[in-house]
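Student: Right, I'll just put the structure down here and ask away after.
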Amino acid sequence: MQTAFHYHVEDETHFLMSNVMEVTCDEATCMEWCRQVGLIDKMKLCSVCGSEMKASPTRKRWRCSRRNVHPSGKEITFQANELADVCERTVREWYAFCRATCSKELLKAEFKFGGEGHIVEIDENSFAKKRKYNRGRHHKEFWLFDGVEHGTGRWFGRIVYDKRTKQTLLPVIKKFIKPRTKIMSDMFATYVCERGNKQHTLENNRTL
């Protein structure tokens, strides 16, 4: 039976959750995977001169070197409304639904990194909007508590607003960072904690 979809579903391993998570780790890898399974075009011809265009992975669009044609970024993605024979509004609603569903499932899953021999650097960053010349409306300050693993670049971030207390930050540390992790920080007193015989440690041997 012929179908309007061009996905290569004869090999279902392409769409296993573990594989999808792996190939979407960065944008370049994700774009290449989408081309391989038919989600986006592998090649596209220029509508002006007819020559083959090149895909720009950073700018998310096709480029013709002859005519300098830059179609919009939407054209590099598959036209779901044409393939499925539905209106654009329906496609947008389904996209929003799928995105929300995937986000909920990802938030349910355990996400931890670090461990024995790994280093994670944690810090707090203020995102208060500054007033020009100390004039204008005063904006409330809020803080982002985040951490980055050295070597892999894996990271977490959690908005804690102005609640930078031990009761707020320790659950975040325990949720995202594995025990026996060496943690680099500014030695803010809020971080100091113990987890029985399993401890987070700092580079300067202070127990976290």
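Numbering (the numbering used here), first residue to last: 603 to 810. Just so it is clear, CB atoms sit at the ideal spot from N, CA and C, and this is done for glycine as well. From a predicted model like this one, the values you see are computed outputs, not experimental measurements.
#1: Would you mind stating whether VAL762 and LEU772 have Cβ atoms separated by less than 8 Å?
#2: Using the Cα positions of LYS714 and ARG668, report the straight-line distance between them to the nearest angstrom.
#3: Spell out the partners DSSP gives SER620 in its beta bridges.
#4: Between LYS646 and VAL639, what straight-line distance do the alpha-carbon atoms span, to the nearest angstrom?
#5: For THR631, which residues of its own chain have a beta-carbon under 6 Å away from its beta-carbon, when the five flanking residues on both sides are left out?
#6: May I ask you to report which of helix, strand or coil DSSP gives LEU647?
#7: Cβ atoms of CYS648 and ILE666: under 8 Å apart, would you say?
#8: At a cut of 8 Å, does the stretch 775–787 reach the stretch 721–731 through at least three beta carbon pairs?
#9: By Cβ distance below 6 Å, which residues in the same chain neighbour ILE775 in space, the five residues on each side in sequence not counted?
#10: In this structure, what does DSSP give as the bridge partners for ILE779?
#11: Just the C-alpha distance for GLY719 and PHE778, rounded to the nearest angstrom, thanks.
#12: Which residues does DSSP list as the beta-bridge partners of MET655?
#13: Could you check the C-alpha separation between HIS740 and LYS734 for me, to the nearest Å?
Tutor: Considering the structure as presented:
#1: No, the Cβ-Cβ distance between VAL762 and LEU772 is not below 8 Å.
#2: It is roughly 48 Å from the alpha-carbon of LYS714 to the alpha-carbon of ARG668.
#3: Partner(s): none; SER620 has no beta bridge.
#4: About 16 Å.
#5: Taken in chain order, the residues that qualify are VAL625.
#6: Strand at LEU647.
#7: Here residue 666 is Cys; the residue named in the question, Ile, does not match the sequence. In this structure, CYS648 lies closer than 8 Å to CYS666 by Cβ.
#8: Pairwise C-beta distances place the stretch 775–787 in contact with the stretch 721–731, as three or more of them are shorter than 8 Å.
#9: Contacts found: none.
#10: In DSSP, ILE779 forms a bridge with PHE715.
#11: Rounded to the nearest angstrom, the two C-alpha atoms are 16 Å apart.
#12: MET655 pairs with LYS646.
#13: Looking at the two C-alpha atoms, the distance is approximately 11 Å.
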